[in-house]
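First to last, the protein sequences are chains A and B.
Take the first sequence: its letter number 88 is residue 81 in this note's numbering, and every next letter is one higher.
Take the second sequence: its letter number 31 is residue 24 in this note's numbering, and every next letter is one higher.
Number of protein chains: 2
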Amino acid sequence: MEQLREMLKGHQLRTTTCREDVLSTFISKKNALSHGDLEGMLGENYDRVTIYRTLKTFLEKGIIHKVLDDEGLRYALCSQSCSEEKHQHDHIHFKCNECGETNCIENLHIPAVKLPEGYIPENFNLLIQGTCPKCKS
Amino acid sequence: MEQLREMLKGHQLRTTTCREDVLSTFISKKNALSHGDLEGMLGENYDRVTIYRTLKTFLEKGIIHKVLDDEGLRYALCSQSCSEEKHQHDHIHFKCNECGETNCIENLHIPAVKLPEGYIPENFNLLIQGTCPKCKS
DNA sequence: TTCAACATGCAACAGGGTTGCAAGATATTT
DNA sequence: AAATATCTTGCAACCCTGTTGCATGTTGAA
Ligand SMILES: [Mn+2]
Ligand SMILES: [Mn+2]
Ligand SMILES: [Zn+2]
Ligand SMILES: [Zn+2]
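So, in structure tokens, the structure goes:
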């Protein structure tokens, strides 16, 4: 609990119970979470708008990053190396079609791609869908 | 115009002006289109719901495929090889941050990735964002 | 031309996401 | 410890995307 305060402070954020709860939810669940997921878990304590704004703030501060999948937008904790200025997000995301969970695969980088002449790449986003180890029968 | 009828017929679809217009829009614009784009272009002639249903039908028949990007969902024409039963979509999508267009890069396949033990991959979706040849100063 | 099957428009709805504003909480200074 | 400036929250209202039910209009084949 004290860790959460430190973590928020480290990003120049005031400590509020909503921010602590959202952050600790991201830390305990390891998978990517949508706003709806968080609202389901914390919605009795906080207004949905507050949860939206908390996500937006965490995004801006480099605490979480966006995860795209076919169902919409989710968010996951950034690795240590992310800050407000610089994000490091060339890792792969895996969505399991059985359990529906989407996870960051931190250790696996997106392989280089040789684009046609004239394309200047900046960001990469690779989503792989399939079956995760937990759901593999 | 006759080509459109043939194309629809080939997918067991009745010819309607909405389907012809949506299909010909996909063919003339080469980039991925959102429902909103189509509504902007055709919305005076057709109800938005009809456009939604046209997109859904085209998806099911393998005429178009989904394209994910950070702003939401778009659609693009499938290559010849796609049908209702089998889709072939291991190509890369490129979104230009200048002009906002998203395009299929048909000739470029997504490179193989060695996932950790236990993951069974089925679909791949790689979005690269950056600057496209047209917008490169 | 007739008719069943299919497609459309309209209305209504659910969900995701944003904004303005007044009231409440936080960190800092005195 | 109290006062204050600054930031955060809740609420209401709103827009956008996408879906569904149903009555009416069209299509293509007999
Ligand atoms: Mn990630
Ligand atoms: Mn494509
Ligand atoms: Zn799973
Ligand atoms: Zn461009």
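Each residue gets a CB set at the ideal place from its N, CA and C atoms; glycine is no exception.
Quiz item: Pick from A/A105, A/I121, A/L61, A/S72: whose alpha carbon is nearest that of A/N90?
Solution: By one-based count along the first sequence, residue 90 of chain A stands at place 97. When each option's Cα is compared against that of A/N90, the closest is A/I121.
Practice problem: Tell me, please, whether the CB atom of B/L61 is closer than 9 Å to any CB atom in chain A? | Solution: Counting from one through the second sequence, the residue named residue 61 of chain B turns up at place 68. Yes, B/L61 lies at the interface with chain A (some Cβ there is under 9 Å from its Cβ).
Exercise. Closer than 8 Å by C-beta to A/I98: which residues in its own chain qualify, once you throw out the five before and the five after it? Chain order, please.
Key: Start at 1 with the first residue of the first sequence, and residue 98 of chain A comes out as number 105. Excluding sequence neighbours, A/I98 sits near H84, I85, H86, F87.
Quiz item: Taking the alpha-carbon positions, what's the A/G139 to A/E64 distance?
Solution: For chain A, the structure presents residues -6 to 130; residue 139 of chain A sits outside this window and is missing.
Practice problem: Please confirm if B/K22 has its CB atom under 9 Å from at least one CB of chain A. | Solution: For this step, residue 22 of chain B is matched to residue 29 along the second sequence. For B/K22, the answer is no, since every Cβ of chain A falls outside 9 Å of its Cβ.
Quiz item: Excluding the five sequence neighbours on either side, which residues of its own chain have a C-beta within less than 7 Å of the C-beta of A/L101, listed in chain order?
Solution: Here residue 101 of chain A refers to the residue found at position 108 of the first sequence. Result list for A/L101: H84, I85, in chain order.
Quiz prompt | Beta carbon of A/L66 nearer than 9 Å to that of A/I57 | solution = Within the first sequence, residue 66 of chain A is the residue found at index 73, counting from 1. Within the first sequence, residue 57 of chain A is the residue found at index 64, counting from 1. No, they are not a contact pair.
Quiz item: Is DSSP giving A/T10 helix, strand or coil here?
Solution: Within the first sequence, the letter at position 17 stands for residue 10 of chain A. Three-state DSSP puts A/T10 in a helix.
Practice problem: Step through the CB atoms of chain B and report whether any lies within less than 9 Å of the CB of A/N118. | Solution: Locating residue 118 of chain A in the first sequence gives position 125, counting from the first residue. Judged by the 9 Å Cβ criterion, A/N118 is in contact with chain B.
Quiz item: Closer than 8 Å: is that where the CB of B/V106 sits relative to any heavy atom of ligand 1?
Solution: Translated into the one-based positions of the second sequence, residue 106 of chain B becomes position 113. Incorrect: B/V106 has no Cβ contact closer than 8 Å to ligand 1.
Practice problem: Would you tell me roughly how many angstroms separate the C-alpha atoms of A/E115 and B/T8, rounded to the nearest one? | Solution: Residue 115 of chain A sits at position 122 when you count from the first residue of the first sequence. Residue 8 of chain B sits at position 15 when you count from the first residue of the second sequence. Straight-line Cα distance between these residues: approximately 42 Å.
Quiz item: By Cβ distance, which residues of its chain are closer than 7 Å to A/N24, with the 5 residues on each side in sequence left out?
Solution: Translated into positions along the first sequence, residue 24 of chain A becomes position 31. These residues qualify, in order along the chain: E94, T95, N96.
Quiz item: How is A/I57 classed by DSSP in three states: helix, strand or coil?
Solution: Counted from its first residue, the first sequence places residue 57 of chain A at position 64. Strand at A/I57.
Practice problem: With DSSP as the reference, label B/K88 as helix, strand or coil. | Solution: Counting from 1 along the second sequence, the entry for residue 88 of chain B is found at position 95. Reduced to three states, the DSSP call for B/K88 is strand.
Quiz prompt | Partners in chain A for B/Y68, counting only beta-carbon separations shorter than 9 Å | solution = Indexing the second sequence from 1 puts residue 68 of chain B at position 75. Chain A residues near B/Y68: none, gap ~13 Å exceeds 9 Å.
Quiz item: Should B/L52 and B/I44 be called a contact, given that it needs their Cβ atoms to be closer than 9 Å?
Solution: Residue 52 of chain B sits at position 59 when you count from the first residue of the second sequence. Residue 44 of chain B sits at position 51 when you count from the first residue of the second sequence. The answer is no: Cβ separation not under 9 Å.
Quiz item: Can the beta-carbon of A/T113 be found closer than 9 Å to that of B/K129?
Solution: Position 120 of the first sequence, counted from the first residue, corresponds to residue 113 of chain A. Position 136 of the second sequence, counted from the first residue, corresponds to residue 129 of chain B. According to the sequence shown, residue 113 of chain A is Ile rather than Thr. In this structure, B/K129 lies closer than 9 Å to A/I113 by Cβ.
Quiz item: Ends of the alpha helix (DSSP H) at B/Q(-4)?
Solution: Residue -4 of chain B sits at position 3 when you count from the first residue of the second sequence. That run of the alpha helix (DSSP H) goes -5 to 3.
Exercise. Pull up the DSSP beta-bridge partners for A/G123, would you.
Key: Taking the first sequence and counting its residues from 1, one reaches residue 123 of chain A at position 130. Per DSSP, A/C89, B/P114.
Quiz item: From A/K79 to A/S72, what does the alpha carbon distance come to, in whole angstroms?
Solution: Taking the first residue of the first sequence as 1, we reach residue 79 of chain A at position 86. Taking the first residue of the first sequence as 1, we reach residue 72 of chain A at position 79. Roughly 12 Å separates the two Cα atoms.
Quiz prompt | By C-beta, the residues closer than 6 Å to any heavy atom of ligand 1, given in chain order | solution = A/H58, A/V60, A/A69, A/H84, A/H86, A/C97
Practice problem: Could you tell me whether any non-hydrogen atom of ligand 4 is closer than 8 Å to the CB of A/G111? | Solution: The count along the first sequence starts at 1 and reaches residue 111 of chain A at position 118. No, since every heavy atom of ligand 4 falls outside the 8 Å radius drawn around the Cβ of A/G111.
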